[in-house]
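Single-structure report; data block below.
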Amino acid sequence: MNTAYAATFRTAHLQTTLESGTEFERKRGMARSESSPIKIILGSSSMARKEILAEMGYEFTVVTAEIDEKSIRKDKPEDLVMALAEAKAEAIRSRLQSAGQLNPTTLLITADTVVVYKGSIREKPSSKEEAREFIKGYSGSHAEVVGSVLISNLKTGIRKGGWDRAEVYFHDIPDEVIDNLIEEGITFNVAGGLMLEHPLTLPFVEAVVGATDTVMGLSKALTEKLIWEAQQQ
């Protein structure tokens, strides 16, 4: 993790409790050893998720889901990100099956992320005005990021999922920086218009309470845990 990301850092709450370090590392090693023939599909076009999964040492292919995310609504952010990850997984599974490309020795990884600001769930901004409203709200304030991970074992049908959360605190963000972010267009591709790792955003991040990979779209710890669980009979 880039140390500039946070002045304060602690482990975020996980929906499912992570195992102790030694035991979990042992099981993770066993899972990778035993699952070497397993193919991994990342069901996301997110560059950040691709980078995170590659950093974890996995080889994978990418297949994207074509779903109407706006048609899936839930009151709680945790329920929403899980429902969206499920919908993405089902859409990709059906697509592969229809194309005769459903390899049973495959783990499919889907994920979703939303930002919660003052109790309101924020997804990708749909206009420049909405993007500006989102980012100006974060200026001198903070927001919560909730992200899901779902691992689908296409051989057994087992699905293991969970969610993680982190908080991001910001310094005041100048209007000029907000204008540049919006004109660049990157804000329209990320939940809440919030791209933590962007060089224009990063200098104004005061602290991250939780894991930065959760904010970026894919919790490493949760993903490792669920990959192992999805391969158990």
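Every letter in the sequence shown is one number past the one before it in UniProt numbering, and letter 35, counting from 1, is 35. Glycine included, C-beta positions come from ideal geometry on N, C-alpha and C. If you're wondering where the values come from, they're calculated on a predicted model, not measured in any experiment.
To the nearest angstrom, how far is the alpha carbon of residue i from that of residue j?
| i | j | result |
| --- | --- | --- |
| T156 | L196 | 36 Å |
| V114 | G210 | 15 Å |
| Q39 | T106 | Reading off the sequence shown, one finds Lys at residue 39, where the question assumed Gln. Looking at the two C-alpha atoms, the distance is approximately 5 Å. |
| L42 | I109 | 5 Å |
| S127 | I186 | 12 Å |
| A54 | A230 | 19 Å |
| G192 | M56 | 26 Å |
| R95 | R73 | 23 Å |
| F170 | T64 | 32 Å |
| A221 | G162 | 11 Å |
| I67 | P199 | 31 Å |
| I182 | K118 | 22 Å |
Thinking residue i and residue j are a contact (beta carbons under 8 Å), I'd like their distance in whole angstroms, please.
| i | j | result |
| --- | --- | --- |
| F149 | T223 | The question names Phe, but residue 149 is Val in the sequence shown. About 5 Å separates the two Cβ atoms, so the contact holds. |
| D172 | G140 | 5 Å |
| A166 | T214 | 5 Å |
Mapping DSSP to helix, strand and coil, what is residue i?
| i | result |
| --- | --- |
| T61 | strand |
| T156 | coil |
| E197 | coil |
| E66 | coil |
| residue 244 | A question about residue 244 goes unanswered here, because the residues of the chain that appear run from 1 up to 233. |
For residue i, which residues from the same chain have a beta carbon less than 8 Å from its beta carbon, with the 5 sequence-adjacent residues on both sides left out?
| i | result |
| --- | --- |
| V116 | P77, R122, A143, E144, V145 and V146 |
| R93 | L102, L108, S152 and L154 |
| E206 | A7, Y169, F170 and H171 |
Could you pull the start and end residues of the alpha helix (DSSP H) that residue i belongs to?
| i | result |
| --- | --- |
| K160 | Careful: K160 lies outside any alpha helix (DSSP H), inside the beta strand (DSSP E) at R159 to F170. |
| E183 | D175 to E184 |
| S98 | P77 to S98 |
| T214 | T212 to M216 |
| A48 | M47 to E55 |
I'd like the span of the beta strand (DSSP E) that includes residue i, first residue to last.
| i | result |
| --- | --- |
| G153 | Inspection of the sequence shows that residue 153 is occupied by Asn rather than by Gly. H142 to N153 is the span of the beta strand (DSSP E), which, as asked, contains N153. |
| T223 | Not the beta strand (DSSP E): T223 falls in the alpha helix (DSSP H), residues K220 to A230. |
| residue 290 | With the chain represented from 1 up to 233, any question about residue 290 goes unanswered, as that position is not in the structure. |
| R73 | From DSSP, R73 is part of no beta strand (DSSP E); its letter is neither H nor E. |
| A107 | Per the sequence shown, residue 107 should be read as Leu rather than Ala. T106 to Y117 is the extent of the beta strand (DSSP E) around L107. |
Residues in its own chain within less than 7 Å of residue i by CB, not counting five upstream and five downstream?
| i | result |
| --- | --- |
| K160 | I151, L226, E229 and A230 |
| S219 | G147, V149, D164, A211 and D213 |
| Q232 | none |
| E86 | L150 |
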